[in-house]
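Visitor: Quick one: the structure is below, questions incoming.
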Amino acid sequence: MRAVTGVWRWRRNPLRRPTDLAEAWLALVSLLLLLTVAPLVGALVGSAAQHALQQSVRVQHRTRHQVTATVVRELEQTPAAFDPDGTSAREIRTRVTARWTAPDGTARQGRAVADLASPRPGDRFAIWTDGRGRVVGPPLDGVTATTHAVLAGVGSALLAAGLVEGARRTAVWRMVRRRHARWDRAWLRAGPDWGRTGAGS
Numbered sequence: 030m031r032a033v034t035g036v037w038r039w040r041r042n043p044l045r046r047p048t049d050l051a052e053a054w055l056a057l058v059s060l061l062l063l064l065t066v067a068p069l070v071g072a073l074v075g076s077a078a079q080h081a082l083q084q085s086v087r088v089q090h091r092t093r094h095q096v097t098a099t100v101v102r103e104l105e106q107t108p109a110a111f112d113p114d115g116t117s118a119r120e121i122r123t124r125v126t127a128r129w130t131a132p133d134g135t136a137r138q139g140r141a142v143a144d145l146a147s148p149r150p151g152d153r154f155a156i157w158t159d160g161r162g163r164v165v166g167p168p169l170d171g172v173t174a175t176t177h178a179v180l181a182g183v184g185s186a187l188l189a190a191g192l193v194e195g196a197r198r199t200a201v202w203r204m205v206r207r208r209h210a211r212w213d214r215a216w217l218r219a220g221p222d223w224g225r226t227g228a229g230s
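So for the sequence shown, the numbering used here puts the first residue at 30; every next one is plus one.
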């Protein structure tokens with residue numbers, strides 16, 4: 030509203046300087062860009078991120094398999110880990126040596142993270158593997174992917190708004206500097222004769 034009233038106020042004001050009207054128009058254009066371009070950028074980035082992430086979700090669900098592993102032994106002196114991607118991120122998980130059967134039917138053994146507080150040999154737990162039986166993380170779920178896409182869109186919109194506002198402030202700063210430079214030059218011309226009788230000042 031200040032941008033609109035600024036353009037209207039300086040429209041026919043006899044005290045108006047060229048930079049006053051320029052600043053008002055710049056504020057109005059920046060406001061319009063903030064209301065149109067920033068949301069559009071956010072929507073486009075969010076949509077692109079949503080498409081890419083949902084495609085990744087489909088690929089991961091197609092190529093990752095949940096199998097049952099059996100604890101061979103707990104790895105000593107290994108701190109408990111947290112699973113940030115799981116629904117229960119606070120659940121303690123422990124690194125163990127385990128064996129499992131890969132989707133192609135081959136027997137595998139290696140390190141894995143078990144969702145067991147105190148695993149013992151023979152305990153069973155679920156792990157995710159790829160087609161070759163290598164341990165991988167659980168596939169990304171659709172809700173998490175959508176959340177990431179929304180955050181990407183909001184972040185992009187805020188970044189675009191920040192760039193618009195930064196450009197406006199830079200332009201206003203340059204206008205003010207030029208205005209002050211003109212004042213300094215005018216004062217240097219008028220300064221020596223200021224207040225003298227008959228000097229025309």
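Note that CB positions come from ideal geometry on N, CA and C, so glycine has one too.
For Leu145, which residues of its own chain have a beta-carbon under 7 Å away from its beta-carbon, when the five flanking residues on both sides are left out?
Guide: Contacts found: Thr123, Asp152 and Phe154.
Visitor: Give the single residue among Leu169, Leu69, Thr130 and Ala141 whose Cα lies nearest to the Cα of Gln83.
Guide: Selected option, being the one with the closest Cα: Leu169.
Visitor: Would Asp159 pass as a contact of Thr99 if the rule is Cβ separation under 8 Å?
Guide: No, Cβ-Cβ distance for Asp159 and Thr99 is not below 8 Å.
Visitor: In whole angstroms, what separates the C-alpha of Ala56 from that of Ala77?
Guide: Their backbone Cα atoms lie some 31 Å apart in a straight line.
Visitor: Taking Cβ to Cβ, would you say Val140 is nearer than 8 Å to Leu104?
Guide: The question names Val, yet the displayed sequence has Arg at residue 140. Yes.
Visitor: Between which two residues does the beta strand (DSSP E) harbouring Gly162 extend?
Guide: Unbroken run through Gly162: none, as it is neither H nor E.
Visitor: Report the start-end ranges of each beta strand (DSSP E) in the stretch 68–103 that is 3 residues or longer and not cut off at the edges.
Guide: Qualifying beta strand (DSSP E) stretches, in chain order: 94–103.
Visitor: If we ignore side chains and look at the alpha-carbon of each, how far apart do Thr130 and Val96 end up?
Guide: Approximately 7 Å, taken between the alpha carbons.
Visitor: Is the separation between the beta-carbon of Gly74 and that of Ala174 shorter than 8 Å?
Guide: The sequence given here has Val at residue 74, not Gly. No. Outside cutoff.
Visitor: Pull up the DSSP beta-bridge partners for Arg140, would you.
Guide: Thr126.
Visitor: Taking all protein chains shown into account, decide if Ala189 is buried (16 or more other Cβ within 10 angstroms of its Cβ) or exposed.
Guide: Buried, since its Cβ has 16 or more Cβ neighbours within 10 Å.
Visitor: Are three or more beta carbon pairs between the stretch 55–72 and the stretch 188–208 nearer than 8 Å?
Guide: Touching, per the Cβ criterion.
Visitor: Please return the same chain residues whose Cβ sits closer than 8 Å to the Cβ of Pro148, not counting the five positions on each side in sequence.
Guide: The residues are Val100, Glu103, Thr123, Val125 and Phe154.
Visitor: Does Arg149 come out as helix, strand or coil in the three-state DSSP assignment?
Guide: Residue state, collapsed to three classes: coil.
Visitor: Would you kindly report the start and end of the unbroken alpha helix (DSSP H) that includes Leu217?
Guide: Residues Gly171 to Ala219.
Visitor: Is it right to say Gly195 is buried, meaning 16 or more other beta carbons lie within 10 angstroms of its own, or is it exposed?
Guide: With fewer than 16 Cβ atoms within 10 Å of its Cβ, Gly195 is classed as exposed.
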